[in-house]
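Under this note's numbering, think of the first position of the sequence shown as 4, with each following residue one higher.
Ideal Cβ placement from N, Cα and C applies to all residues, glycine included.
As the structure is a prediction and not an experimental result, all values here were calculated from the model.
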Amino acid sequence: MRTIKTFQNTSTQENFKQKLLQWGNQFEEVVFLDSNQTEHLYQEYEAILAVDGFTAIKSDDDLAFEKLDEFQTTTKDWLFGYLSYDLKNDTESISSNNKDQLQFPELYFIQPKKIWLFKDDIIEAHYLTLVDDEIDNDFESILATELSARNEDITQTFTFSPRWQKEEYVYRAKQILAHIQRGDIYEVNFCQEFYIDQINFSPLPTFNHLNSISKAPFSSFLKFEHYHALCASPERFLKKQGQKLISQPIKGTARRGQDKTEDEQLKFNLKNDPKEISENIMIVDLVRNDLSKTAIKSSVAVEELCEIYSYKQVHQLVSTLTSEVKTDYSVAEVLKSLFPMGSMTGAPKRSAMEIAETYETTKRGLYSGAIGYITPNNDFDFNVVIRSLLYNSEKKYLSYMVGSALTSMANPEQEYEECLLKGKALQYVVNATRVTEK
4 MRTIKTFQNT STQENFKQKL LQWGNQFEEV VFLDSNQTEH LYQEYEAILA
54 VDGFTAIKSD DDLAFEKLDE FQTTTKDWLF GYLSYDLKND TESISSNNKD
104 QLQFPELYFI QPKKIWLFKD DIIEAHYLTL VDDEIDNDFE SILATELSAR
154 NEDITQTFTF SPRWQKEEYV YRAKQILAHI QRGDIYEVNF CQEFYIDQIN
204 FSPLPTFNHL NSISKAPFSS FLKFEHYHAL CASPERFLKK QGQKLISQPI
254 KGTARRGQDK TEDEQLKFNL KNDPKEISEN IMIVDLVRND LSKTAIKSSV
304 AVEELCEIYS YKQVHQLVST LTSEVKTDYS VAEVLKSLFP MGSMTGAPKR
354 SAMEIAETYE TTKRGLYSGA IGYITPNNDF DFNVVIRSLL YNSEKKYLSY
404 MVGSALTSMA NPEQEYEECL LKGKALQYVV NATRVTEK
């Protein structure tokens, strides 16, 4: 059981969120979700913080979704955590033999003792009854938290190493294009890794910096033991609201312009680019098929097709699909039926995943997975883990992956440049963030 208490926010919105997260970082388990006040269909909360796991499930084994189902059915409570991309091996019986330096568990969820929900000027504390006597003191501690200041005196520069040089990427991309020309697949999301080994790294201030320059609608900060995810994701994987499912795949990316005129031209070019549009529509068809697995007949609908959404770093083509899910499916069954998300696989899904696994050399792990929450009444909301730094503080290994969609019209050199664009903000914040502790 949880005790719920409501507070009026007396500080500025951004100031309170930063204090909330810095206060929460004292705990071993932290999940922070931030919508950054972006106007996005079906956005519900401005921010959520969940900390201090009471119970947890962590699995690398087969039947991970079934174990999540059992855990959720037993707790009947809020759960926060992640699904790694390599749970695909559970959904499609595909094996993964690529390099895995991060070694995140494939599924990890906590039942937090303390949850803070932030919407407009109202803040709700949802505390398990065993700690509900701490609500008022915690709220005062959050307000009294002093924020760390960034120190711009940078004396060391960190350099990410690419897993491949450009020539290797282009060679592998051309091999994949040969599969497309033979008709093995129509599209595949092809990903590569950039990494730093043996780095002492400060996850929280770096996330705060990344979040401030990206302002992404599905940003998240996750810390479970020595596993850290700093995510500036623009993409929702899947949301359940009552019996309604919402998926919002992204396919199609363009940089922001230097001025309004150039920015509008780049938006126009993206909106009318045959390759980008075809990528998006292929994934829309795939998601429609995935939604139909659990949907009431004739309930699958496309509410938006190839709409332009503009974020601080890039423009994106976003489509919004919905369905009414049958009542006899559990949360875990619904998640499993659509996982992994089509925007990070390709079409047909299984063949695309097999080919990606063949030509990629890094196990994706949490990248291409999903971070989010499940509510006591079986609703949920999960993002797509892209534009993200992943860090294992025990191994001191920092990594990010980026990918792009290859279709028959793809130019490998241009796809490589798109990957660099997607990683630009991640490389910048690692080198631009140092903090002076209060």
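* To do: Could you tell me if M344 is buried or exposed, where buried requires 16 or more neighbouring beta carbons within 10 angstroms of its beta carbon?
  => Mapped onto the sequence shown, residue 344 falls at position 341. Result: buried.
* State yes or no: is the C-beta of I299 within less than 9 Å of the C-beta of V387? => Working through the sequence shown from its first residue, we reach residue 299 at position 296. Working through the sequence shown from its first residue, we reach residue 387 at position 384. Cβ atoms of I299 and V387: not closer than 9 Å.
N- and C-terminal bounds of the beta strand (DSSP E) containing E143 | Walking along the sequence shown from the start, residue 143 turns up at place 140. Counting along the chain, E143 falls outside any beta strand (DSSP E), though it belongs to the alpha helix (DSSP H) covering 138-147.
Check your understanding: If we count the other Cβ atoms within 10 Å of its Cβ and call it buried at 16 or more, is I51 buried or exposed?
Key -> Indexing the sequence shown from 1 puts residue 51 at position 48. It counts as buried.
| query | Fully enclosed by the region 71-95, which alpha helix (DSSP H) runs are 4 residues long or longer? | reply | 91-95
- Item | Beta-carbon proximity list for L131, same chain, < 7 Å, skipping 5 on both sides | For the purposes of this step, residue 131 is identified with residue 128 of the sequence shown, where counting begins at 1. R5, F57, K116, listed in sequence order.
### Task
Determine the closest residue to M404 out of Y88, W26, D139, K70, with distance taken between C-alpha atoms.
For this step, residue 404 is matched to residue 401 along the sequence shown. It is Y88.
Check each candidate in A413, L324, W119, E336 and name the one with the smallest Cα separation from D135.
-> Position 132 of the sequence shown, counted from the start, is the residue given in the question as residue 135. Ranking the options by Cα distance to D135, first place goes to W119.
| query | Nearest-angstrom Cα distance between G372 and Y85? | reply | Here residue 372 refers to the residue found at position 369 when the sequence shown is read from its first residue. Here residue 85 refers to the residue found at position 82 when the sequence shown is read from its first residue. Spanning the two alpha carbons is a distance of roughly 7 Å.
**Prompt:** Near D63, which residues of its chain fall below 7 Å by C-beta distance, leaving aside the five closest residues on each side in sequence?
**Reply:** Your numbering for residue 63 matches position 60 in the sequence shown. Counting only Cβ-Cβ distances below 7 Å, and skipping sequence neighbours, we find P108, E109.
Do L289 and F348 come within 9 Å of each other at the CB atom, strictly closer than that value? The sequence position of residue 348 within the sequence shown is 345, counting from 1. The sequence position of residue 289 within the sequence shown is 286, counting from 1. For the sequence presented, residue 348 should be read as Thr rather than Phe. Yes.
With DSSP run on the structure shown, which of helix, strand or coil describes N272? In the sequence shown, the residue the question calls residue 272 occupies position 269. Looking at N272 - three-state DSSP - the assignment turns out to be helix.
Touching by the beta-carbon criterion (3+ pairs, under 8 Å), the region 178-195 and the region 352-371: yes
Less than 7 Å between C-beta atoms, sequence neighbours within five positions excluded: which residues of the same chain meet that for S333?
Against the sequence shown, residue 333 aligns to sequence position 330. The residues are D72.
Open item on the list: With three or more C-beta pairs closer than 8 Å as the rule, is the region 299-319 touching the region 257-268?
Closed with: yes
For K425, count the other beta carbons within 10 Å of its own beta carbon; 16 or more makes it buried, fewer makes it exposed. Which is it? Translated into positions along the sequence shown, residue 425 becomes position 422. The residue in question, K425, is buried, as its Cβ has 16 or more Cβ neighbours within 10 Å.
Q. Taking the runs of the alpha helix (DSSP H) that are 4 residues or longer, which of them lie wholly in the region 276-336?
A. 277-295
| said: At the level of alpha carbons, what is the spacing between L392 and I7? | reply: Taking the first residue of the sequence shown as position 1, residue 392 is located at position 389. Taking the first residue of the sequence shown as position 1, residue 7 is located at position 4. About 33 Å.
Open item on the list: Quick test of your reading: K399 and Q201, contact by CB under 8 Å. State the CB separation rounded to the nearest angstrom.
Closed with: Reading the sequence shown from its first residue, position 396 is the one you call residue 399. Reading the sequence shown from its first residue, position 198 is the one you call residue 201. At roughly 5 Å, the Cβ-Cβ gap stays under 8 Å, so K399 and Q201 are in contact.
task = Within the same chain, show all residues whose beta-carbon is closer than 7 Å to that of I179, passing over the 5 residues directly before and after it, in chain order.
result = Within the sequence shown, the letter at position 176 stands for residue 179. The residues are V191, F193, I358, Y362, L409.
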